[in-house]
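A short worksheet on the structure shown next.
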Amino acid sequence: MSIEIKQILQKLNTNPKKKLGQNFLINKNKIKKLTSEINKVHYDSIIEIGPGLGAITEELIKNNNIICIEKDIKLFSYLKDKYKESQNFSIINEDVLKCDLSSLGSGKKLFFGNLPYNIGTKIIGNFTDSFFSDINVTGIFMLQKEVGQKILSDKGSKLYNGFVVKIQTFYNVKNVISLNESDFWPQPNIKSILIKLENKNRKLLSNFSYKEYTKFLYNCFKVRRKKLSNNLQMYFTKEAINDNLNNLKLKQDIRAQDIDDDTFLKLFKDLTDSKS
Ligand code: SAM
């Protein structure tokens with residue numbers, strides 16, 4: 002498969018671009034596994050980020066409506082031409098970080114991508130910010146293993162932080178498959194992981210502010226070795242913090258890394274209520 006890719010790139014008079022994270026998936030078994038994971042559910046639209054030369058698109062297009070976002074003009078033009086007859090395919094030549102993700106697709110949507118490694122975290126962050134309260138949107142992303150493991154980490158782990166809690170507050174995160182360096186061409190010097198993010202359908206109160214919750218989590222983890230109460234004392238009174246920790250049966254000296262997402266959400270609500 003890497004020979005095919007090399008030939009296409011040669012025809013297009015281009016080479017894999019490191020700065021665009023162009024490591025193409027060449028393991029056909031892994032492509033099968035990931036498409037069968039995607040095909041378990043019917044989506045009205047699949048939005049693929051970074052289709053590259055279409056190794057995965059080719060499988061997905063058999064059963065789905067696909068919208069691709071590709072930054073590389075040569076790869077964009079190649080796919081646009083290849084699928085010009087397909088009714089269920091469209092492609093945008095844009096930087097995904099500049100796209101309004103919520104304007105893409107309709108109905109039950111899947112955002113999918115073998116993501117460029119250098120912007121994987123940013124893309125997952127934008128995805129969460131755009132769809133945290135939308136039960137109709139699922140994410141399946143291939144990422145650098147370390148980033149995936151972080152998003153999957155549990156309380157108590159060194160990897161667990163405010164960004165992770167934010168994702169876990171709104172999504173059930175599942176590890177789907179692991180990938181090795183040799184599954185890609187050119188070979189990256191890192192392993193990868195495929196994760197699935199399913200919306201938890203949280204019942205949020207009408208006065209819930211996602212922006213404030215994000216800030217709250219950031220502050221909770223501001224200095225990791227500090228107690229949670231010390232990290233929060235600039236924003237709430239000591240009394241309010243202690244009362245609310247007590248109500249949730251949390252120790253006064255607890256640290257942010259020992260609290261799960263359900264408890265964080267309750268603590269945020271209670272502390273915010275106690276302020277008003
Ligand atoms: N999906 C293909 C595959 O699995 O073989 C290619 C995956 S490759 C890891 C990442 C792809 O994302 C490349 O096609 C690259 O050009 C594209 N890309 C990189 N940065 C991008 C950005 N900011 N917006 C959209 N696409 C981007």
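Heads up: the sequence shown is residues 2 to 277, going by the numbering used here.
C-beta atoms are modelled at their ideal positions from N, C-alpha and C, and glycine is treated no differently.
Where does the unbroken beta strand (DSSP E) through Gly-114 begin, and where does it stop? 110-115
What are the uninterrupted segments assigned as beta strand (DSSP E) that are 3 or more residues long and contained completely in the segment 41-113, given in chain order? 46-50, 67-70, 90-93
Within 10 Å of its beta-carbon, does Val-224 have 16 or more other beta-carbons around it, so buried, or fewer, so exposed? Exposed is the call here.
Give a yes or no on whether 8 Å exceeds the smallest Cβ distance from Lys-228 to chain B. No chain B is part of this structure, which consists of one protein chain only.
Unbroken stretches of the beta strand (DSSP E), 3 residues or longer, contained in the segment 187-240: 193-200
Give the straight-line distance between the Cα atoms of Val-148 and Leu-160, rounded to the nearest whole angstrom. 9 Å
Check for me: the alpha helix (DSSP H) holding Leu-13 runs from which residue to which? Note, Leu-13: premise wrong, no alpha helix (DSSP H); not H, not E.
What number of angstroms, rounded off, separates the C-alpha of Asp-262 from the C-alpha of Leu-205? 14 Å
Does the Cβ of Asp-135 have 16 or more other Cβ atoms within 10 Å, making it buried, or fewer, making it exposed? That one is exposed.
DSSP state of Asn-176, grouped into three classes? In this structure, DSSP gives Asn-176 an extended state, which the three-state scheme calls strand.
Check the C-beta distance from Asn-89 over to Thr-139 and give it rounded, since I have them as a contact under 8 Å. That belief does not hold up - the Cβ atoms of Asn-89 and Thr-139 are roughly 19 Å apart, past 8 Å.
I'd like the list of long-range same chain contacts for Glu-182, defined as Cβ closer than 8 Å, with 5 residues on each side in sequence excluded. Gln-188, Pro-189, Asn-190, Ile-191, Lys-192
Run through DSSP, which three-state label would Phe-185 get? strand
Which value, in whole angstroms, describes the spacing of the CA atoms of Asn-162 and Lys-216? Whole-angstrom Cα-Cα distance: 13 Å.
Is Gly-55 closer than 8 Å to Pro-117 when the C-beta atoms are compared? no
Quick one: give me the first and last residue of the alpha helix (DSSP H) that Ile-125 is part of. 121-132
Name the two residues that bound the continuous beta strand (DSSP E) containing Leu-144. 138-145
Element boundaries [alpha helix (DSSP H), containing Asp-262]: Run containing Asp-262: 262-276, per the alpha helix (DSSP H) assignment.
Span of the alpha helix (DSSP H) holding Gly-163? 163-171
Considering only DSSP beta bridges, list what Leu-26 is partnered with. Phe-185
Cα separation between Asn-176 and Ile-92? 28 Å
By DSSP, does Ile-255 sit in helix, in strand, or in coil? coil
Give a single yes or no on whether Ile-48 has its beta carbon closer than 7 Å to a heavy atom of ligand 1. no
Reduced DSSP category for Gly-149 - H, G, I as helix; E, B as strand; rest coil: helix
Report whether the distance from the Cβ of Ile-74 to the nearest heavy atom of ligand 1 is below 7 Å. no
Inter-residue spacing [alpha-carbon to alpha-carbon] between Lys-19 and Phe-133: 31 Å
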